[in-house]
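S.K.:
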């Protein structure tokens with residue numbers, strides 16, 4: 422925490438992360454991430470982060486070792502209305518920041534925006550939109566749709582739908598649930614259905630996929646936290662069942 426305190430209306434927080442990653446079939450990588458977040462009361466918030474990476478023993482090195490960068494802003498102009506927007510750059514070399522427009526690969530610029538209105542203290546309706554464009558190619562993707570969130574206390578439920586436009590037409594629907602236990606353990610689970618249409622610009626990409634993710638966060642002590650995550654996606658096609666699964670375990674310490 423660079424400035425401010427728990428009772429302050431203005432807070433500035435900085436964080437840094439270093440990691441070594443071993444990916445089967447892709448070798449290993451070193452990663453570093455620096456992030457800054459700021460709040461000014463309940464009216465304004467924002468942040469920025471930079472992700473650097475370098476392969477070990479071969480692999481793809483992004484220009485300037487810059488794997489990604491992000492800038493975000495949040496405003497709360499009314500008691501029941503909040504607005505959020507962010508812009509991102511991804512090198513496509515590895516990892517990066519994920520979003521719904523992942524059908525655009527390689528070096529790309531991405532943007533997203535949300536407008537959320539609180540219908541009730543525990544019920545909100547959001548309009549979500551975003552897009553991505555690949556650097557050096559005429560490949561772009563847009564998505565837009567509603568999201569309904571119900572969050573009474575330590576429980577939560579979210580239902581969303583996105584219509585996707587661009588070089589690959591399609592749509593997706595998602596259902597997410599989360600629960601907190603004694604404010605020390607948080608469990609999130611999400612399932613999604615994805616459909617892509619067969620168009621002249623994207624012949625051969627048509628299909629239906631199903632995905633799921635699970636995220637467990639636990640505060641082991643006042644300074645040590647544990648995170649376990651798993652993400653899977655399966656594509657039942659006529660040629661068989663294509664599946665992918667990623668899992669990660671992370672320990673973090675606060676000083």
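Numbering (my numbering), first residue to last: 422 to 676. Glycine included, every Cβ here is placed at the ideal spot set by N, Cα and C.
Could you give the residue range of the beta strand (DSSP E) that holds residue 484?
M.R.: On the chain shown, position 63 is the one that residue 484 refers to. First-last for residue 484: undefined, no H or E at that position.
S.K.: Grouping DSSP H, G and I as helix and E and B as strand, with all else coil, what is residue 578?
M.R.: For the purposes of this step, residue 578 is identified with residue 157 of the chain shown, where counting begins at 1. Of the three classes helix, strand and coil, the one that applies to residue 578 here is strand, per DSSP.
S.K.: Would you tell me roughly how many angstroms separate the C-alpha atoms of residue 647 and residue 452, rounded to the nearest one?
M.R.: In the chain shown, residue 647 corresponds to position 226, counting from 1. In the chain shown, residue 452 corresponds to position 31, counting from 1. Roughly 19 Å between the two C-alpha positions.
S.K.: Under the assumption that residue 536 contacts residue 504 (Cβ atoms under 8 Å), give the Cβ distance between them as a whole number of angstroms.
M.R.: The residue you call residue 536 lines up with position 115 of the chain shown. The residue you call residue 504 lines up with position 83 of the chain shown. The Cβ separation is near 6 Å, so the contact holds.
S.K.: By Cβ distance, which residues of its chain are closer than 7 Å to residue 448, with the 5 residues on each side in sequence left out?
M.R.: As a first step, residue 448 is located in the chain shown; it is residue number 27 there, counting from the start. Contacts found: 476, 477, 478, 479, 480.
S.K.: Residues in the same chain with beta-carbon distance under 6 Å from residue 471, minus the five sequence neighbours each way, listed in chain order, please.
M.R.: The residue you call residue 471 lines up with position 50 of the chain shown. Within the same chain, residue 471 has close Cβ partners 455, 490.
S.K.: Counting C-beta neighbours from all protein chains within 10 Å, is the total for residue 521 16 or more, i.e. buried, or is it exposed?
M.R.: Position 100 of the chain shown, counted from the first residue, corresponds to residue 521. Any reading at residue 521 must be qualified, since the residue scores a pLDDT of 49, below 50, and its modelled position is unreliable; the value itself is stated next. Residue 521 is buried by the Cβ-count criterion.
S.K.: Report yes if the CB atom of residue 545 is closer than 7 Å to the CB atom of residue 575, and no otherwise.
M.R.: Within the chain shown, the letter at position 124 stands for residue 545. Within the chain shown, the letter at position 154 stands for residue 575. Not closer than 7 Å, so no.
S.K.: Here's a check: name, in chain order, each residue in its chain whose Cβ is nearer than 6 Å to the Cβ of residue 666, leaving out the five neighbours to either side.
M.R.: Taking the chain shown and counting its residues from 1, the one referred to as residue 666 is at position 245. Answer for residue 666: 653, listed in chain order.
S.K.: Does the distance between the C-beta of residue 607 and the nearest non-hydrogen atom of the ligand FMN fall short of 6 Å?
M.R.: In the structure on display, the ligand FMN does not appear, and there are no ligands present to speak of.
S.K.: By DSSP, does residue 509 sit in helix, in strand, or in coil?
M.R.: Numbered from 1 along the chain shown, position 88 holds the residue referred to as residue 509. It is a strand residue.
S.K.: Assuming residue 570 and residue 562 make a contact with CB atoms under 8 Å, what is their CB distance in whole Å?
M.R.: The residue you call residue 570 lines up with position 149 of the chain shown. The residue you call residue 562 lines up with position 141 of the chain shown. At roughly 24 Å, the Cβ-Cβ gap does not stay under 8 Å, so residue 570 and residue 562 are not in contact.
S.K.: What does the alpha-carbon distance come out to for the pair residue 435 and residue 460?
M.R.: Here residue 435 refers to the residue found at position 14 when the chain shown is read from its first residue. Here residue 460 refers to the residue found at position 39 when the chain shown is read from its first residue. Roughly 12 Å between the two C-alpha positions.
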